[in-house]
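Asker: Using the working numbering, you'd call the opening residue of the sequence shown number 14 and step up by one each time. A virtual CB, placed ideally from N, CA and C, is assigned to each residue, including glycine.
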Amino acid sequence: MVLVVVAMILLSLLLAGCSSSSPLIPGIFLISLYYQKYVPVPSTAQVDYNAHNAIAVVAGEAVLQCRVGYFGICINPDGGSWLCSNNATALANEIALSQDPLNLVWLASQFKDMIVFPYLLIIAVLFAFLCLLILATFPNWENEGEGEQLHLVKRFPTRSVAQVTLITIFISCAFVLVSVLWQHTASVAASIIVQDFGNGSVRSGVGTSAMVLGWFGLVFLVTIMIGLLFYCLTHLSMRQAEEG
Numbered sequence: 014m015v016l017v018v019v020a021m022i023l024l025s026l027l028l029a030g031c032s033s034s035s036p037l038i039p040g041i042f043l044i045s046l047y048y049q050k051y052v053p054v055p056s057t058a059q060v061d062y063n064a065h066n067a068i069a070v071v072a073g074e075a076v077l078q079c080r081v082g083y084f085g086i087c088i089n090p091d092g093g094s095w096l097c098s099n100n101a102t103a104l105a106n107e108i109a110l111s112q113d114p115l116n117l118v119w120l121a122s123q124f125k126d127m128i129v130f131p132y133l134l135i136i137a138v139l140f141a142f143l144c145l146l147i148l149a150t151f152p153n154w155e156n157e158g159e160g161e162q163l164h165l166v167k168r169f170p171t172r173s174v175a176q177v178t179l180i181t182i183f184i185s186c187a188f189v190l191v192s193v194l195w196q197h198t199a200s201v202a203a204s205i206i207v208q209d210f211g212n213g214s215v216r217s218g219v220g221t222s223a224m225v226l227g228w229f230g231l232v233f234l235v236t237i238m239i240g241l242l243f244y245c246l247t248h249l250s251m252r253q254a255e256e257g
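1) Do Leu-133 and Ile-182 have their C-beta atoms within less than 7 Å of each other?
2) Pick helix, strand or coil for Val-76, following the three-state DSSP scheme.
3) Give me the Cα-Cα distance between Ala-103 and Cys-87, rounded to the nearest whole angstrom.
4) What's the C-alpha gap between Met-238 and Pro-39?
5) Is the beta carbon of Ser-32 less than 7 Å from the beta carbon of Gly-85?
6) Name the two residues that bound the continuous beta strand (DSSP E) containing Val-11.
7) To the nearest angstrom, report how far apart Thr-150 and Phe-229 are at their CA atoms.
8) Once the 5 residues before and after Val-71 are set aside, which same chain residues still bring their CB inside 7 Å of it?
9) Please report how far the alpha carbon of Phe-210 lies from the alpha carbon of Ser-34, in whole angstroms.
10) Taking contact to mean 3 or more Cβ pairs, one atom from each stretch, closer than 8 Å, check whether the region 44–54 and the region 211–220 are in contact.
11) Just confirm the distance between the C-beta atoms of Ala-137 and Ser-192, as a whole number of angstroms; I'd bet it's less than 8 Å.
12) Using alpha carbons as the reference points, say which of Leu-179, Met-14, Ile-128, Ser-204 lies closest to Leu-246.
13) Run the CB neighbour count on Tyr-48, radius 10 Å, all protein chains shown included, and call it buried at 16 or more, exposed below.
14) Could you say which of Ser-250, Val-235, Phe-243, His-248 lies nearest to Val-19 if we only look at CA atoms?
15) Where does Met-127 land, buried or exposed, given buried means 16+ other C-beta within 10 angstroms?
16) Using the Cα positions of Leu-206 and Ser-200, report the straight-line distance between them to the nearest angstrom.
17) Would you kindly work out how many angstroms separate the C-alpha atoms of Phe-124 and Pro-55, rounded to a whole number?
18) In three-state terms, what does DSSP make of Asn-89?
19) Please classify Leu-146 as buried or exposed, where buried requires at least 16 neighbouring CB atoms within 10 angstroms.
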């Protein structure tokens, strides 16, 4: 049961990333976009080798950072405190044109609205919570006998209850796996495209903390599923031994 609670906390933190300016929350993000001057990367596939010069002129001296979570966007216009909101328009109204000349806030909003899909994780957390409730009904060790013959006996739940619990945690694992893979692939792809387009003026990165929370949440759920599978198989073998 402890592992279920830990997995739910990790996934909940992942969903809460960039939803507010509270301490540590802006540090949980899927992708980060920010202005930074660096040596542009040339390529023979570039039709206009000097395109980066035009981008650098437009970018100017902007230093804005923008982070995207499942339900919010956080921006840091000048290296100070973070501003977070689920409304990109409200954030755009808080900054000057010179602070975001390449519209990184808009790009972040497009990524959040068009690519990010949090509802699989929400369903997974709900199924994990349902599994936790069912696990709470499992019988504990009980004393049996009297006097010197007193000993502990492990009571097993009914076969149907054990199967429902296993199915519930399996569904949760499946949804988390799909969601984390989707999150990882989409974040890496978007990060590479944005940085290449802003060659020499814009950098982008994937949020390590979000990846860690997602994958560790999955590991805990898979561990629980394996434990429940072993539990059910043990229960079945003991029942068969008693009947035999």
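Answerer: A quick look at the data gives this:
1) No. Outside cutoff.
2) Reduced to three states, the DSSP call for Val-76 is coil.
3) Each residue's Cα considered, the two are about 11 Å apart.
4) Approximately 32 Å, taken between the alpha carbons.
5) Judged by beta-carbon spacing, Gly-85 lies within the 7 Å limit of Ser-32, meaning their Cβ atoms are closer than that value.
6) In the structure displayed, the chain extends from 14 to 257; residue 11 sits before or after that span and is not available.
7) Counting only the Cα atoms, Phe-229 lies some 26 Å from Thr-150.
8) Excluding positions up to five away in sequence, the list reads Pro-114, Leu-115.
9) C-alpha separation (whole angstroms): 29 Å.
10) Enough Cβ pairs lie closer than 8 Å, so yes.
11) Cβ-Cβ separation between Ala-137 and Ser-192: approximately 7 Å, consistent with a contact (criterion under 8 Å).
12) Residue Leu-179 is the option with its Cα nearest to Leu-246.
13) Around the C-beta of Tyr-48, 16 or more other C-beta atoms lie within 10 Å, and the residue is accordingly described as buried.
14) Taking only the C-alpha atoms, the option nearest Val-19 is Val-235.
15) For Met-127, the number of other beta carbons within 10 angstroms of its own is below 16, and it is reported as exposed.
16) It is worth fixing the name first, because residue 206 is Ile in this sequence and not Leu. Spanning the two alpha carbons is a distance of roughly 10 Å.
17) In a straight line, the C-alpha of Phe-124 is about 26 Å away from that of Pro-55.
18) Reduced to three states, the DSSP call for Asn-89 is strand.
19) The residue in question, Leu-146, is exposed, as its Cβ has fewer than 16 Cβ neighbours within 10 Å.
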